[in-house]
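Just so we're aligned, residue 49 is where the sequence shown starts under our numbering, counting upward by one. The C-beta atom is built at its ideal place from N, Cα and C for all residues, glycine as well. Reviewing the structure listed below.
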Amino acid sequence: MLMTNKATSNQLLVVNMLRLVQIKSAEYMHSPSNMRGYTRFIANFTIVFLTVAGGHAILAQCNCLAYRFAVLYSKEFLAFVLSWRSWAKTFAISVVITVIAEIYIVKLQVPQSLIPDRIKKTAVSFPLAEIPVTKDQVFMYCDVSGDLSMVTLSFVLFGFFTAEFVSIGFVTFILKELQSKKDKFSKRTYQLHRQLTIALGAQLLTPILFILLPFLAILFILYINAYSSKLPGRIIIICFELYGFANSAITIYFIKPYRSIVIYKIRGFLRLKRHDIIEKRLSVTPVHPIESLLM
49 MLMTNKATSN QLLVVNMLRL VQIKSAEYMH SPSNMRGYTR FIANFTIVFL
99 TVAGGHAILA QCNCLAYRFA VLYSKEFLAF VLSWRSWAKT FAISVVITVI
149 AEIYIVKLQV PQSLIPDRIK KTAVSFPLAE IPVTKDQVFM YCDVSGDLSM
199 VTLSFVLFGF FTAEFVSIGF VTFILKELQS KKDKFSKRTY QLHRQLTIAL
249 GAQLLTPILF ILLPFLAILF ILYINAYSSK LPGRIIIICF ELYGFANSAI
299 TIYFIKPYRS IVIYKIRGFL RLKRHDIIEK RLSVTPVHPI ESLLM
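In structure tokens form, the structure reads like this:
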């Protein structure tokens, strides 16, 4: 079934952007000639948005665990965490760290005028690689050969592993506290909060498996000049895209109510006989948040 060009042009333009396109009298001003010298900022903004989004995705898990840690640790510490002053100070520190990191990351971006020559020189080491068309295009091309790249990589890895180790400490503490205060919860409430904590802990592995390891694989492939086809790059991109799916799959697998409802819906969709145990799992049982039982 054919679709109209105008209906799909906007989507395609986002992926293969920065060219002046004329479609049925609709003009899209994305050409470098119409950017008046500001084209380089597009690549810089793209790098900034990618790194900030990746950092916040990892920190989101750490923040969830930090809140649960504060709830179980003490009322005073929870009040400190939830106060607006703490949030303001944390936000200010986060902005400073982010700005410093992005200044170094943006410096890795090669000026657009030098990219065609860089691509030609790099292509000598990779004879099977397809050389992209650089005319009227804006590229993200980072120079990873200098000392600045090593400093930036070290900074990123330090922040990454700091968040990972702190999160692991939170998971260990939360599981111990849940066990020690087990009598204060109903059986179902205890099980659900334990499952949620284990799921958050398991999700700490997903950035390592689907982001860090593929990224290190890219550096290794470039270092040994082992590039032979598009396949390694495509596999690495697929790994990046699997990051979000893996987190959802872990949540569904470890948390029983989610797992039960998914099984129930799949069985209903496939028109299979529903077992009594599935019906029992779907019974509504009130589960209270931890703070409501400990305050």
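Residue i - DSSP class collapsed to helix/strand/coil
i      : result
Gln243 : helix
Asn185 : In the sequence on display, residue 185 carries Gln and not Asn. Residue state, collapsed to three classes: coil.
Gln251 : coil
Ser344 : With the chain covering only 49 through 343, there is no way to say anything about residue 344.
Pro175 : coil
Ile303 : coil
Pro180 : coil
Val69  : Residue placement at Val69 is flagged as unreliable, the pLDDT there being 31, under the threshold of 50; the coordinate-derived value follows with that caveat. Correct three-state label for Val69: strand.
Leu60  : Residue confidence for Leu60 is low, a pLDDT of 29 falling below 50, so the modelled location carries little weight; the figure read from the coordinates is stated next. DSSP places Leu60 in helix when its eight states are reduced to three.
Phe128 : helix
His78  : Confidence is the limiting factor: at His78 the pLDDT is only 37, short of 50, which leaves the residue's position unreliable, though a coordinate-based value still follows. DSSP places His78 in coil when its eight states are reduced to three.
Lys229 : coil
Ser134 : helix
Ser215 : helix
Leu318 : coil
Ser234 : coil
Ser202 : helix
Ser122 : coil
Arg84  : Caution applies to Arg84, whose pLDDT of 48 falls short of 50 and renders its modelled position unreliable; the model cannot decide the point.
Top-ranked residue by Cα proximity to residue i, from the options
i      : options                        : result
Gln251 : Leu126, Asn295, Ile141         : Asn295
Leu120 : Phe288, Arg242, Phe293         : Arg242
Ala101 : Ile266, Pro255, Phe117, Ile314 : Pro255
Val214 : Cys110, Gly103, Thr99          : Cys110
Arg116 : Gly316, Leu248, Leu205, Leu267 : Leu248
Gln185 : Phe218, Ile269, Leu253, Pro164 : Pro164
Leu98  : Ala140, Thr146, Ser122, Lys123 : Thr146
Gly103 : Ser228, Ser142, Ser234, Thr170 : Ser142
Arg282 : Ile272, Ile298, Arg236, Phe263 : Phe263
Ile298 : Ile309, Leu253, Phe218         : Leu253
Ala108 : Ser308, Glu212, Ile314         : Glu212
Residue i and residue j closer than 8 Å at C-beta
i      : j      : result
Ile95  : Ile153 : yes
Ile300 : Tyr306 : yes
Phe208 : Ile106 : yes
Leu244 : Ile311 : no
Met188 : Ala91  : yes
Leu130 : Ile222 : no
Tyr238 : Leu257 : no
Gln160 : Cys190 : no
Phe288 : Ile259 : yes
Ala265 : Phe203 : no
Ser134 : Phe128 : yes
Leu205 : Lys155 : no
Pro280 : Ile269 : yes
Ile175 : Ile167 : Sequence check: residue 175 is Pro here, not Ile. Going by C-beta atoms, Pro175 is not nearer than 8 Å to Ile167.
Strand pairing of residue i, partner residues [DSSP]
i      : result
Gln157 : Cys190
Contact test: residue i Cβ vs the ligand NAP heavy atom, cutoff 7 Å
i      : result
Lys169 : Questions concerning the ligand NAP fall outside what the structure shown contains, since it holds no ligand whatsoever.
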